[in-house]
Each structure stands twice: as structure tokens, then as C-alpha cells.
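Letter by letter, the sequence shown follows residues 22 to 284 in our numbering.
This report refers to the structure that appears directly beneath it.
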Amino acid sequence: MADADGENSPDVLENKRSATRYQILVEIAARQPAVSQNEIADTIGVTSQAVSDLVESGYVEKRGRGRYEVTKEGVDWLISRTDDLETYLERVNSDVLGSVEVDAAIALDDVDEGIEVGIVMRDGILHANPAGGTATAVTVTSGKKGEAVGVADFEGVVDYDAGTVSVLPVPTVTDADRPNSDVVSTRVPEEGLVAVAGTEAYALVSQSDVAPDIRFGTAEGVAEAGMLGLDVLLVAVTDEIPRHTSKLRDQNVPHRVLDSDAF
């Protein structure tokens, strides 16, 4: 049977004989060498003759006292059908399930199921705006203002700019020159996040009475926040900076390293 793209499904999904053969070979391979004909027949719900047929076809070899093992030919057949299944499932996941993917957004006002809403980015989180937007989607659940609702059938592009990451270098503990904690509080973005990388950086931020938003996985977290439109102050020990700026460059996130001589 051909699917929506005109491609045939694997024969183990279309052919009952192939499906039974596949199940039997999997069970024997999982249990061998101590597996009997009756065990396999009872487990899968087939007759003992179905197992005997695989012996005659050369896919299974009968050992002494009614024991069975999968032959090289049987293994090759099993691998080829498994590859077909994996390829088919990958395509189903990307082409079929991907086309009906449901995401979550915060409702900016009460919304009913099945209506078109605008999709906007605020504080790095998708929001559903009943008033519309440059990008649209259809709600698949209803919700009150402030609740998360399901949205699908996206169209257009969410209009937002990437944030800027400002990197504040902090000397290592062996360096005699240490910045005053005031350099942190004066550079915290008004509507953004503060991240720390390294013990010295955490100590400096703590002395400034600023609560860091990101403390772990900062290279990935800071880059993602910037990609989602948030400004970030990254307070980092000097030897941590290259790892973070490399990630920011890879993700095309605007960033700048502040001049430590000005502290």
C-alpha cells in the first residue's frame, strides 16, 4: 500500500506472512540458543508449523533437542526489514507527525479552541494573541488569559529581534586585580537575564545583591536566551569566556565583551 507521498510501506506492515516471519526471527534471536519451537509459537500466537517453515527456508537452523537459532540468512533478512522500518518511521515522524505538531503558547486574552491567533514572542516565550500578529496559528485547546494553550498550523514568521549578550570578564582567583561588585548592578539589563559562569563570577554577582537567572549550562542557556530575543549579562571567569563566545558565534547571537579596563 502506498502512503500519501506515493511510497510503499515496508512489507512487514503490509504482508502478514512477512510480519509473522519478522516476529518469529526477533523472538528466536532474543532467546537463542535456549529456545524451543513451542516457546516461540506460544509467545507469538502462531502454530509450530510457522517455525518449521523458517527452518525449510534457511532462515532458522534447528539444533539438537528441538532448539533453534537464526542463521546468517535470517539475520540478513531481519536487518534489511528493520532498516526499512526505521527509514519509514523516520519519514512518518518528520513528514506526517511534524505537519501536525502542536506547540504551547501563553494566551494574552481568553481564547476558544479552533480560532486563529497571532503568535508573538515576549520574554523569550511564545504568546497567543487573539488580536493577530505577523505569524498566525490555530488553537487546539481553549484557555483563559495567562494560561498555556495548544497551537498548530503555523503560518508566517514570528517577528522579534535577537537579544544582545554582554560579557563581563571576571579575573581568576589568583589575579590581584578584582572588579568592584558595582560593575554588575550597573550593567544588569532592564528586561533581561543575568548568567554566571565560574565560582569567581558567582561570588562577584552575589556581592552585588543580584540574583543570577542562569547558573548551570550557561553556554547553551545564554545562547538560547539571546536567540529568543532576551538581553543577557553574562558574568564569566576569563577562562570560561572563549567557550561561551564560540557558542554565541555558532548561533549568530549578537554579543560583546565588555572592556575590563573600564571597571
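Backbone N, C-alpha and C define an ideal beta-carbon position, used for all residues, glycine too.
Cβ contact annotation for residue 182 (same chain, cutoff 8 Å, sequence separation greater than five): 250, in chain order. For residue 221, the enclosing alpha helix (DSSP H) stretches over residues 220-228.
In this structure, residue 243 lies near residue 255, with their beta-carbon atoms less than 7 Å apart.
Its chain contains 216, 217, 223 as the residues whose beta carbon lies nearer than 8 Å to that of residue 236, once the 5 sequence neighbours on both sides are disregarded; these appear in chain order. If you look at residue 91, you'll find it in the beta strand (DSSP E) that goes 89-91. Here residue 277 carries a strand assignment [DSSP, helix/strand/coil].
Within the DSSP bridge table, the entry for residue 189 names 256 as partners. Looking at the backbone, the Cα of residue 273 and that of residue 64 are separated by about 55 Å. Sorting 233, 178, 146, 74 by C-alpha distance to the C-alpha of residue 209 places 233 at the top.
When the alpha-carbon of residue 193 is set against those of 258, 43, 98, the nearest one is in 258. If you ignore the 5 residues before and after residue 175, its C-beta comes within less than 8 Å of the C-beta of 124, 140, 156, 157, 158, all in its own chain and listed in chain order.
Comparing alpha carbon positions, the residue from 229, 190, 220, 195 closest to residue 265 is 190. Rounded to whole angstroms, the Cβ separation of residue 91 and residue 46 is 6 Å, and the two are in contact under 8 Å. It is roughly 19 Å from the alpha-carbon of residue 219 to the alpha-carbon of residue 276.
In the three-state reduction of the DSSP assignment, residue 166 falls in the coil class. At the C-beta level, residue 214 and residue 246 come within 7 Å of one another. Per DSSP, reduced to three states, the secondary structure at residue 131 is coil, with no helix or strand assignment.
Burial is judged here by how many other beta carbons sit within 10 angstroms of a residue's own beta carbon; residue 150 has at least 16 and is buried. Around the C-beta of residue 108, fewer than 16 other C-beta atoms lie within 10 Å, and the residue is accordingly described as exposed.
In the three-state DSSP reduction, residue 41 falls in the helix class (H, G or I). Bridge partners of residue 57 according to DSSP: 88. DSSP places residue 270 in no beta strand (DSSP E) but in the uninterrupted alpha helix (DSSP H) bounded by 262-271. Leaving aside the five residues that flank residue 164 on each side, the residues in its chain whose CB is nearer than 7 Å to its CB run, in chain order, 128, 132, 170. Beta-bridge analysis with DSSP links residue 214 to 253. Taking a C-beta distance under 7 Å as the contact criterion, residue 41 and residue 81 do not qualify as a contact pair.
Taking the CA atoms as reference points, residue 262 sits about 42 Å from residue 160. A residue is called buried when at least 16 other Cβ atoms come within 10 angstroms of its Cβ; residue 93 does not meet this threshold and is exposed. In this structure residue 148 touches residue 126 by the C-beta definition: roughly 6 Å separates them, less than 8 Å.
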